[in-house]
Amino acid sequence: MPRASREDAERHREEIIDAASRLFREKGIEGVSVPELMAAVGLTHGGFYKQFKSKDALAALAFERASTKIVGELRERIAAAAGTLEARQVFLDAYLAPEHRDNPAMGCVLSCLAGDLGRDSDQGLRDAFMRGMGRMIERLEAVEDPAPLATLSTLIGAVALSRATMGTPLSDEILDAVKDSLSTQK
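Take any residue in the sequence shown, count from 1 to its spot, add 648: that is its number in my numbering.
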């Protein structure tokens, strides 16, 4: 019986990290309470601290999960388009897509939570964010981007501004302008 409860605990832990990954990107770290997070996976909030030291500790794990996921998705898109478009262009098209802008819960953690990190002093959270940036920079280097840090910064800013202006023509204009600008850089 103890083995089953350890397995259940591990499964619940993974479910909580997945839910936090989505909810934190959608609502921000401070926009999600522990009871709300636990309810999202059908658990009571009493078990949270058996699994995680703090909400920030969970956020760091959620950042890791989200950044690994988005890099994997970009890698898959690039592989699927092999031979049809330049890999860098596939990356740009995917990151600057309206679908990415419109679905922050499944999008890049960097564009969703950069503002939150500017207000948070938790070093573990900052370290996880930096590792996520590193993964994205490595992916940009892999597609031979000429200035990966500048490109990543531009992409994050473009998606954040596009989300801030959603529902207006400017939102799409931002994505298109940045895509056009970055597409001409070789």
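Yeah, the Cβ is synthetic: ideal placement off N, Cα and C, and Gly gets one too.
Quick caveat: nothing in here was measured; it's all calculated off a predicted structure.
- Assigned with DSSP and collapsed to three states, residue 703 falls in helix.
- With respect to residue 757, residue 670 sits apart: the two C-beta atoms are not nearer than 7 Å.
- As the crow flies, the alpha-carbon of residue 796 is around 19 Å from that of residue 727.
- Taking the Cα positions, residue 790 is about 12 Å away from residue 734.
- With contact defined as three or more Cβ pairs closer than 8 Å, the segment 778 to 790 and the segment 706 to 719 are in contact.
- In the structure shown, residue 692 falls within a coil segment according to DSSP collapsed to helix, strand and coil.
- Contact annotation: the segment 742 to 750 touches the segment 804 to 811, with at least three C-beta pairs closer than 8 Å.
- Judged by DSSP in its simplified three-state form, residue 752 adopts helix.
- The way I'd put it, the segment 682 to 693 doesn't touch the segment 760 to 767; fewer than three beta-carbon pairs between them come closer than 8 Å.
- Take residue 676, set aside five residues on each side of it, and the residues of its chain with a beta-carbon closer than 6 Å to its own are 764, in chain order.
- In this structure, DSSP gives residue 732 a state outside helix and strand, which the three-state scheme calls coil.
- The DSSP-derived three-state label of residue 744 is coil.
- Spatial neighbours of residue 693 in its own chain (CB-CB distance under 6 Å, excluding positions within 5 residues in sequence) are listed in chain order as 682, 683 and 686.
- Secondary structure remark: continuous alpha helix (DSSP H) runs of at least 4 residues inside the segment 752 to 813, in chain order: 757 to 767, 771 to 790 and 796 to 812.
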